[in-house]
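To keep things clear, I will list the structure first and then write my remarks on it.
Numbering (the UniProt record's numbering), first residue to last: 1 to 266.
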């Protein structure tokens, strides 16, 4: 699963936040398709949250692509750096995102373990995030003749619970048919409907989260500087010891040579 911080809407502007809890589900591909980017490489890991800007149907879209996490892993197994990036991403589109897009691949199972992982990671962002969230199922070609509704029903209670948590807001895209503008235009319609349902208001990030992240970043920076100074001091100390050792060895050799010359002269 992955996550996108969607559309910041100012007049004709929307901020979209892509959030993908699972890696390798086609999140960045969806983002590139929405913005019409064809020169960016898909399939690469997103190590840091990145904000992109583009125009779709005369609407400016600010899209924040965030790192994903391993499917089924609980939040306490996710590295702190990834969790920090997920939370930091909300502050890349001030005053806040209008919509969160939760990207899930339709070619894999979704069970209770996955639901727990998604829920625990998404709720890092704060209260009220679910009413701004839309699920986008990627790899719709795997559904074959089945509808997305049949897929949701067939996966069982875990996926059904997640869909309900998101207010039954979902969409499916076929990554292999990215040139089909209809699936993106329909997604944008659902995004607009979600924004309208929330009174055209954006999600307000908790400033306490921002302060916590800044404090953590400050401590990491200070720790890095301390380690750097310690390494420098150690190198200088070792360098001094090495210089002393070389000088001592040189002095011993000189003494031996002097003794050898003295003995030979006798």
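C-beta: ideal position from N, C-alpha, C; glycine also.
Backbone CA spacing between residue i and residue j [nearest angstrom]
i           : j           : result
residue 147 : residue 212 : 44 Å
residue 202 : residue 218 : 28 Å
residue 215 : residue 80  : 14 Å
residue 49  : residue 241 : 45 Å
residue 144 : residue 181 : 20 Å
residue 108 : residue 114 : 11 Å
Contact set for residue i: own chain, Cβ-Cβ below 6 Å, skip 5 residues either direction
i           : result
residue 246 : none
residue 272 : Because the chain spans 1 through 266 in this model, residue 272 falls outside it and cannot be assessed.
residue 53  : 62
Reference residue i, options the options, closest by Cα
i          : options         : result
residue 68 : 86, 218 and 190 : 86
Neighbourhood of residue i by C-beta distance below 8 Å, restricted to the same chain and skipping five residues each side
i           : result
residue 82  : 67 and 69
residue 166 : 102, 130, 133, 134 and 135
residue 198 : 98, 131 and 132
residue 174 : 139, 140, 141, 180 and 183
Beta-carbon proximity list for residue i, same chain, < 7 Å, skipping 5 on both sides
i           : result
residue 74  : 116, 117 and 120
residue 47  : 67
residue 112 : 158
residue 163 : 135, 152 and 170
Residue i (DSSP reduced to helix, strand or coil)
i           : result
residue 212 : helix
residue 173 : coil
residue 105 : strand
residue 69  : strand
residue 78  : coil
residue 88  : helix
residue 11  : Its pLDDT being 35, under 50, residue 11 is placed unreliably in this model, and the value from its coordinates should be taken loosely. Coil at residue 11, not helix or strand.
residue 197 : helix
residue 139 : coil
Legend entry - the region 109-123 contacting the region 222-238, beta-carbon criterion three pairs below 8 Å: no
Legend entry - Any 3 or more C-beta pairs closer than 8 Å across the region 85-100 and the region 153-160: no
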